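**Student:** Attaching a single structure in structure tokens format; questions to follow.
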Amino acid sequence: MEWFKDNFTISDDIENIDLDVVLLLLSNTYWASDRTKETIEKSINNSMAFGVYDKDKQIGFARVVTDKTVFSWILDVVIDENYRGRGLGKWLMTCILEHPEIKHTSFALATLDAHDFYKKFMFKENTYMRLKKEI
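Those letters in the sequence shown? Residues 28 to 162, by this note's numbering.
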């Protein structure tokens, strides 16, 4: 599926994902800076992946782990710092939340610093999912 806005495109086709760009984008985040290219590739292949593009250049990324029936976990939402402040992150989240394959599911995500951003999409803080098993 593809969405268009001005010169930008969002696509959920993993064939369009530029793995090197995603590696670079995630290497500049606090949550995924140590992920290897192989780990990122495997995570993309086992998720719904969304790319944000300025014409043919990938400038953003997100993925969703989902059963497409009950639950969807949003991860790795990132926009190239040179493109931030243009509403592309909001648009990306809107496309994810309205995607016909998952829009009927419950959504969750984890963030340390973007609470206000996600509250705009009706996400609420909770404490009952604060369990984690490290590998």
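Beta carbons are placed, not taken as given, at the ideal position from N, Cα and C, and that holds for glycine.
Note that this is a predicted model, so its numbers are computed, not measured.
Pull up the distance between the alpha-carbon of Ile71 and that of Asp143, whole angstroms please.
**Tutor:** As a working note, residue 71 is residue 44 in the sequence shown. As a working note, residue 143 is residue 116 in the sequence shown. Approximately 27 Å, taken between the alpha carbons.
**Student:** Tell me the residue span of the beta strand (DSSP E) that contains Thr5.
**Tutor:** What is shown of the chain runs 28 to 162, which leaves residue 5 out entirely.
**Student:** Candidates Leu119, Trp58, Leu139, Glu128: which alpha carbon is nearest Phe148's?
**Tutor:** Along the sequence shown, read from residue 1 onward, the residue named residue 148 stands at position 121. Comparing Cα positions, the closest option is Leu119.
**Student:** Use the C-beta contact count for Tyr57: other C-beta atoms within 10 angstroms, 16 or more gives buried, fewer gives exposed.
**Tutor:** Position 30 of the sequence shown, counting from 1, holds the residue named residue 57. Exposed: under 16 other Cβ atoms inside 10 Å.
**Student:** Which of the three DSSP states is assigned to Lys84 in this structure?
**Tutor:** Translated into the one-based positions of the sequence shown, residue 84 becomes position 57. Strand at Lys84.
**Student:** If you count every other CB in all the chains shown that lies within 10 Å of the CB of Phe35, and 16 or more means buried, which is it?
**Tutor:** Here residue 35 refers to the residue found at position 8 of the sequence shown. By the 10 Å Cβ count, Phe35 comes out buried.
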